[in-house]
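J.: Pasting in a structure now, in structure tokens, and then I'll have a few things to ask.
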Amino acid sequence: MGQAADSRGRLLAELANAPARRGYGIAYDLLGNRAEAEEAVQEALVRACESIGDLRDPAAAPAWFLRIVTTMCLRTLRRRRLRRRLFGWWPVKGDDVEVKAAADTGLDDIAGRVHGAAARVPSEALVDQQALGALMSRLDDLSPQQRTALVLRYGHELPVGEVAELLGVELATAKTHLVRGLARLRDLMEDHR
């Protein structure tokens with residue numbers, strides 16, 4: 190029994206390193222807010238501690254942990270959306286979306302998918318930054334599943350199969366979230382122009 194607890198402790202220590210950093214990157218891109226991203230990762234670590242004994246394959250721990258992080262982010266996005274519906278006039282935590290350079294977030298690929306690939310000209314840097322800000326705010330208008338699927342697929346360049354796994358859905362459902370999310374995002378960005 191002591192050996193099992195020891196191996197679980199080592200596994201949790203491993204999760205708190207690289208998988209937690211990757212989880213933070215995903216959470217930040219999904220939530221757009223450092224505090225909420227940190228909170229999601231911390232909550233995921235707590236959940237991992239509580240249920241580490243249920244993990245059958247220690248080699249699957251990083252993917253399992255990222256699934257927990259994704260679930261925490263989806264819950265936050267759902268709560269945020271509900272608060273906006275109920276109290277649309279009330280400021281919501283995370284409304285002041287922190288905009289990073291597109292190259293730092295991976296969201297430039299989503300922008301490319303929405304607007305089509307175009308050559309960058311230095312004089313367009315300000316326009317690009319404004320477009321990224323508009324894109325980030327429009328991502329909030331998508332369903333939590335669509336937003337998560339788009340950020341994981343295009344922002345973090347995960348294969349569709351892994352996106353499906355992290356969302357806890359079938360492959361076809363993940364593809365549907367991606368296609369519908371991109372279509373909706375295109376419509377929203379057209380309204381922005």
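In the working numbering, the protein residues as written are 190 to 382. All C-beta atoms in this analysis are idealised placements derived from N, C-alpha and C, irrespective of residue type, glycine included. Since this is a predicted model, take the numbers as computed values, not measurements.
Between the alpha carbons of Leu219 and Gly322, how many angstroms are there, rounded?
T.: Along the sequence shown, read from residue 1 onward, the residue named residue 219 stands at position 30. Along the sequence shown, read from residue 1 onward, the residue named residue 322 stands at position 133. Those two C-alpha atoms are separated by around 14 Å.
J.: Does the beta-carbon of Ala229 have 16 or more other beta-carbons within 10 angstroms, so that it is buried, or is it exposed?
T.: Counted from its first residue, the sequence shown places residue 229 at position 40. The residue in question, Ala229, is buried, as its Cβ has 16 or more Cβ neighbours within 10 Å.
J.: Inspect the CB distances between the stretch 364-377 and the stretch 335-349 and report whether three or more fall short of 8 Å.
T.: yes
J.: Considering Ile215, what are the terminal residues of the alpha helix (DSSP H) in which it resides?
T.: One-based indexing of the sequence shown puts residue 215 at position 26. 207-220 is the extent of the alpha helix (DSSP H) around Ile215.
J.: Kindly indicate which residue of Leu244, Arg270, Leu360, Arg210 has the alpha-carbon position closest to the one of Arg327.
T.: Counted from its first residue, the sequence shown places residue 327 at position 138. Comparing Cα positions, the closest option is Arg270.
J.: Note down the Cα distance separating Ala250 from Leu339, rounded to an integer number of angstroms.
T.: Indexing the sequence shown from 1 puts residue 250 at position 61. Indexing the sequence shown from 1 puts residue 339 at position 150. Whole-angstrom Cα-Cα distance: 23 Å.
J.: Can you give me the Cβ contacts of Ala401 inside the same chain, cut-off strictly under 7 Å, excluding the 5 residues immediately before and after it?
T.: A question about residue 401 goes unanswered here, because the residues of the chain that appear run from 190 up to 382.
J.: Hey, Ala224 and Met261 are a contact pair by Cβ (cut 8 Å); roughly how many whole angstroms apart?
T.: As a first step, residue 224 must be located in the sequence shown, where it is residue number 35. As a first step, residue 261 must be located in the sequence shown, where it is residue number 72. Actually they do not touch by this definition, with Cβ atoms about 13 Å apart.
J.: Determine the closest residue to Arg375 out of Ala363, Thr259, Pro348, Met325, with distance taken between C-alpha atoms.
T.: Indexing the sequence shown from 1 puts residue 375 at position 186. Arg375 has its Cα closest to that of Met325, out of Ala363, Thr259, Pro348, Met325.
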